[in-house]
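A.B. asks: Numbers 21 to 515, taken from the numbering used here, label the letters of the first sequence in order.
Where is the CB? At the ideal position from N, CA and C, for every residue including glycine.
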Amino acid sequence: MTEQDDNQLIAQRREKLQGVRASGIAFPNDFRRTHLTAGIHEQYAEHDKEDLESMAVEASVCGRLMFKRVQGKVSFAGLKDGSGSIQLFLQRDNLGDEAYASFKSLDIGDVVGAEGMVFRTNRGELSLRVNSLRLLTKSLRSLPEKWHGLSDTEIRYRQRYVDLIMNDDIGEVFRKRSAIVESIRRFMLKHGYLEVETPMMQPIPGGAVARPFITYHNALDMQLYLRIAPELYLKRLVVGGIERVFEINRNFRNEGLSTRHNPEFTMLEFYAAYADYNDLMDFTERMFREVADNVLGELSFQYQGHDIDFAPSFHRVSLKQAILDHNPDIEAAQLEEPARAADIALRFGIQLKDSYGLGKIQLEIFEATVEERLIQPTFVTQFPAEVSPLARRNDDDAFVTDRFELFVGGREIVNGFSELNDAEDQAERFRQQAADKDAGDDEAMHYDADYIRALEYGLPPTAGEGIGIDRLVMLLTDSASIRDVILFPQMRPEN
RNA sequence: GGGCCGUUAGCUCAGUUGGCAGAGCAGCUGACUCUUAAUCAGUAGGUCCGGGGUUCGAAUCCCUGACGGCCCA
Numbered sequence: 021m022t023e024q025d026d027n028q029l030i031a032q033r034r035e036k037l038q039g040v041r042a043s044g045i046a047f048p049n050d051f052r053r054t055h056l057t058a059g060i061h062e063q064y065a066e067h068d069k070e071d072l073e074s075m076a077v078e079a080s081v082c083g084r085l086m087f088k089r090v091q092g093k094v095s096f097a098g099l100k101d102g103s104g105s106i107q108l109f110l111q112r113d114n115l116g117d118e119a120y121a122s123f124k125s126l127d128i129g130d131v132v133g134a135e136g137m138v139f140r141t142n143r144g145e146l147s148l149r150v151n152s153l154r155l156l157t158k159s160l161r162s163l164p165e166k167w168h169g170l171s172d173t174e175i176r177y178r179q180r181y182v183d184l185i186m187n188d189d190i191g192e193v194f195r196k197r198s199a200i201v202e203s204i205r206r207f208m209l210k211h212g213y214l215e216v217e218t219p220m221m222q223p224i225p226g227g228a229v230a231r232p233f234i235t236y237h238n239a240l241d242m243q244l245y246l247r248i249a250p251e252l253y254l255k256r257l258v259v260g261g262i263e264r265v266f267e268i269n270r271n272f273r274n275e276g277l278s279t280r281h282n283p284e285f286t287m288l289e290f291y292a293a294y295a296d297y298n299d300l301m302d303f304t305e306r307m308f309r310e311v312a313d314n315v316l317g318e319l320s321f322q323y324q325g326h327d328i329d330f331a332p333s334f335h336r337v338s339l340k341q342a343i344l345d346h347n348p349d350i351e352a353a354q355l356e357e358p359a360r361a362a363d364i365a366l367r368f369g370i371q372l373k374d375s376y377g378l379g380k381i382q383l384e385i386f387e388a389t390v391e392e393r394l395i396q397p398t399f400v401t402q403f404p405a406e407v408s409p410l411a412r413r414n415d416d417d418a419f420v421t422d423r424f425e426l427f428v429g430g431r432e433i434v435n436g437f438s439e440l441n442d443a444e445d446q447a448e449r450f451r452q453q454a455a456d457k458d459a460g461d462d463e464a465m466h467y468d469a470d471y472i473r474a475l476e477y478g479l480p481p482t483a484g485e486g487i488g489i490d491r492l493v494m495l496l497t498d499s500a501s502i503r504d505v506i507l508f509p510q511m512r513p514e515n
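1. Just to confirm before moving on: does the CB-CB distance between His326 and Ile370 stay below 9 Å?
2. Please list, in chain order, all residues of the same chain as Val182 whose beta carbon is under 8 Å from its beta carbon, the five residues on each side excluded.
3. When the Cα atoms are used, what is the spatial distance from Ile381 to Arg449?
4. Within the continuous beta strand (DSSP E) that includes Ile30, where are the two ends?
5. Output the boundary residues of the alpha helix (DSSP H) element that contains Asp470.
6. Mind pulling the beta strand (DSSP E) runs of 3 or more residues that sit fully within the segment 189-270?
7. With DSSP as the reference, label Gln452 as helix, strand or coil.
8. Helix, strand or coil, according to DSSP, for Val494 in the structure here?
9. Helix, strand or coil: which one does DSSP assign to Lys457?
10. Helix, strand or coil, according to DSSP, for Asp327 in the structure here?
11. Within 10 angstroms of its Cβ, does Tyr213 collect 16 or more other Cβ (buried), or is it exposed?
12. Is the beta carbon of Met287 less than 9 Å from the beta carbon of Gly129?
13. Can you tell me whether Pro358 is helix, strand or coil according to DSSP?
14. Pick out whichever of Glu406, Asn269, Pro232, Val390 has its Cα sitting closest to the Cα of His466.
15. State whether the segment 178-196 contacts the segment 58-67, with contact taken as three or more CB pairs (one from each stretch) at a distance under 8 Å.
16. State the DSSP-derived secondary structure class of Met21, mapped to helix, strand or coil.
17. Less than 9 Å separating the beta-carbons of Gly436 and Glu425?
18. Taking the alpha-carbon positions, what's the Asn187 to Ala361 distance?
19. Buried or exposed: where does Arg549 fall if 16 or more other Cβ atoms within 10 Å of its Cβ makes it buried?
20. Entirely within the segment 119-202 and at least 3 residues each: give me those beta strand (DSSP E) ranges in chain order.
21. Comparing alpha-carbon positions, which option in Leu319, Gly478, Phe51 lies nearest Phe334?
22. Nearest to Asn271 by alpha carbon, out of Lys255, Val259, Glu251?
23. For Glu284, list the residues DSSP reports as bridge partners.
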């Protein structure tokens, strides 16, 4: 970028960098540290001033200069590395005139290496009495204000590097995110699941009801879709005999952005042969408890002002019953007839389309009146077959499927079901979806002939599930927006 | 896509009824040998988001566009 938005501040720093260039290697890469700052605090937390003087511990640290307090012939500075930070103490008489002067010319934000003795100041703060200091990387742009930090959300998302420098909280969110994913992966591996990677670019997008991104492969001269879900590939693998399989990876959906939606988001998706959706609900409860315990150290936590507890058995309720529970004025019979159910939907201001059957209307009523009130972990089961084109029908009631979604904090986190493994039924449902697509529903599914062929070889009785990792991270980090748990959320171009 | 709110110095923010563009931090100059948002004195720094309009005069009022946030679809 050669753009000249150089203001006075940047110009001054460029001038300093010129001076550094003139006197040797401006961007050295031969400084090696002996300690992380957090390690020093850990190791010497218990030692008092006298102890440390007699121990004479030498240490080299490196990191970014976060503050500078020059007071004549002695100065304090803050050095921050990836682990934490430590105070530097610099004396002219210790460093020498030249080195002390060059310290004074450093700017907040510069990356430095410091070598010295661990000690405590008169006020008791564990610090490093610096014997030598080197500039490792000159910073040309001034950091945000030390007290208020960086709060402009737009800059925080666009320039996440500045956000990470200034806001320790956000670094903690992404360390937790990593711990969550690691914990989930361990849990899956421990239970005999094989981790795989299936196509992100698919000739036929499937496995979910969503609009895909379209791209183009030049050599093959064909249109490809970024996947909206890995589902149909993972189930092909179950056909192939990989009886327990999972994938943690990105899905892409060409839809609006909100505090709960980013066009690319991360899902755990897994399948288990010879298991049903009840098994998966049990499995999910165990997973969530283990992850919370590993990452938070406890099973209860706060989310946006709500106390949430993973310890008790997660509540399980059918979709229809959930509607009735939260709407005392609705009677069960009203939800059974399309016309009466439509009346209820209209009462809640829901806009119905002609193509909506009873199942879709029930789902709309559920979403409008129940979803956001499911704060404690709740499995909602028995989703209508109409809105579950890949799920197995219930043996006793063909109107619904053996499917569940898990809601926590008023949000859907998990979607799982016993898989539809009847190739003929699946073909029929694909035909219906394809007809909807021809009729103008651009979220409807494509007919995937190869997937039908796979089913014709025989998919064992199987259950599968998808867990929205971003939303789970939001929950466990008390983040209000999905953008706070995605390092580089999707934004419009700046200019 | 719709509604509401926001955009002023590197950052955090003031800006009265439409009347000279402001503060703190950061920067620069100087003082200061144990500071904790160090302190003190001085100093520099602006496309008031862009475009158009009203007006003697617009950061401020009107129109329009861009970007962001929240809510809704």
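C.D. replies: Working from what's here:
1. no
2. Leu163, Pro164, Leu170, Ile175, Arg176
3. 19 Å
4. It is not in any beta strand (DSSP E) - Ile30 instead sits in the alpha helix (DSSP H) that spans 28-42.
5. In the DSSP assignment, Asp470 falls within the alpha helix (DSSP H) that extends over 469-478.
6. 234-237, 242-246
7. helix
8. The sequence as given places Met at residue 494; Val does not occur at that position. The answer is helix: DSSP assigns Met494 an H, G or I state.
9. helix
10. strand
11. buried
12. no
13. helix
14. Ranking Glu406, Asn269, Pro232, Val390 by Cα distance to His466 puts Pro232 first.
15. no
16. Bear in mind that the predicted position of Met21 carries a pLDDT of just 30, short of 50, making it too unreliable to give a figure here.
17. yes
18. 49 Å
19. Nothing about residue 549 can be read from this structure; the chain reaches only from 21 to 515.
20. 131-140, 146-157
21. Leu319
22. Glu251
23. Phe272
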